[in-house]
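**Student:**
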Amino acid sequence: MTPFCPLMVDLQGKPAVVVGGGRVALRKVETLLEAKAQVTIVSPTLQPELLQLVEAGDAVWRRQPFSVDVLEEAWMVVAATDDAAVNAQVASAAGKRLLVNVVDQPELGNCHFPALLRRGRLTLAVSTGGASPRLAQQIRDGWKEQFDDTWTERLERLYQERRKRRASRR
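In full-length UniProt numbering, the protein residues as written are 1 to 170.
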């Protein structure tokens, strides 16, 4: 296994393409929207929750099967169909120029989504390197009690204090 570099990436305003219209695609779209990416969904059909996001103007829907041209402006692509051959085609088309996540064949991509827990400015991420996403989710769920909602206020207070200290040094 290639060791991955844990990294927080600024996706704000970056074009991200999600190929697929099902439940897994929905989770990836929600994560990308949370990061303020410009999301385009490529799929002949969408499950209702994805359609709601499109109708609300949160994402764009290209109602078609995957084709290479949908990647022209992409910065990142997620292959999240229920067809392993299509997912492999997406990874191959993206080549080495894009961040690529292949949900069912992580070895075909160059990045993956860890299980996340967010509490305001606090982000905890855990990955098993594709060995067991379920275990990563269980670890994340175990953190929920330890890192409850009080961390949101606590970190915001620390952030404001740090800003004041830095401003006073100028």
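Just so it is clear, CB atoms sit at the ideal spot from N, CA and C, and this is done for glycine as well. For clarity, every value in this text was computed on a predicted model and none was experimentally measured.
Give a yes or no on whether the C-beta atoms belonging to Gly130 and Asp82 are separated by under 9 Å.
**Tutor:** No.
**Student:** Helix, strand or coil, according to DSSP, for Arg140 in the structure here?
**Tutor:** The answer is helix: DSSP assigns Arg140 an H, G or I state.
**Student:** To which residues does DSSP link Pro48 through a beta bridge?
**Tutor:** Answer is none; Pro48 lacks a bridge partner.
**Student:** Quick one, which of Glu107, Arg140 and Pro133 has its alpha-carbon nearest Pro3's?
**Tutor:** It is Glu107 whose Cα lies nearest to the Cα of Pro3.
**Student:** Can you find the residues in the same chain that come closer than 7 Å, C-beta to C-beta, to Asp104, ignoring five residues on each side of it along the sequence?
**Tutor:** Ala84 and Asn87, listed in sequence order.
**Student:** Whole angstroms is fine: what's the gap from Cys5's alpha carbon to Asp141's?
**Tutor:** Roughly 23 Å separates the two Cα atoms.
**Student:** Where are the alpha helix (DSSP H) runs, 4 residues long or more, that stay fully inside the region 51 to 95, in chain order?
**Tutor:** Whole alpha helix (DSSP H) segments, 4+ residues: 84 to 94.
**Student:** What does the alpha-carbon distance come out to for the pair Val24 and Ala80?
**Tutor:** Their backbone Cα atoms lie some 6 Å apart in a straight line.
**Student:** Measure from the alpha carbon of Arg118 to the alpha carbon of each residue in Gly13, Val18 and Val126, then state which is nearest.
**Tutor:** Taking only the C-alpha atoms, the option nearest Arg118 is Val126.
**Student:** Give a single yes or no on whether Arg163 has its beta carbon closer than 8 Å to a heavy atom of the ligand MN.
**Tutor:** Within the structure as shown, the ligand MN is missing, as the structure has no ligands at all.
**Student:** Going by other Cβ atoms of all chains shown within 10 Å of its Cβ, with 16 needed for buried, is Met8 buried or exposed?
**Tutor:** Under this definition Met8 is an exposed residue.
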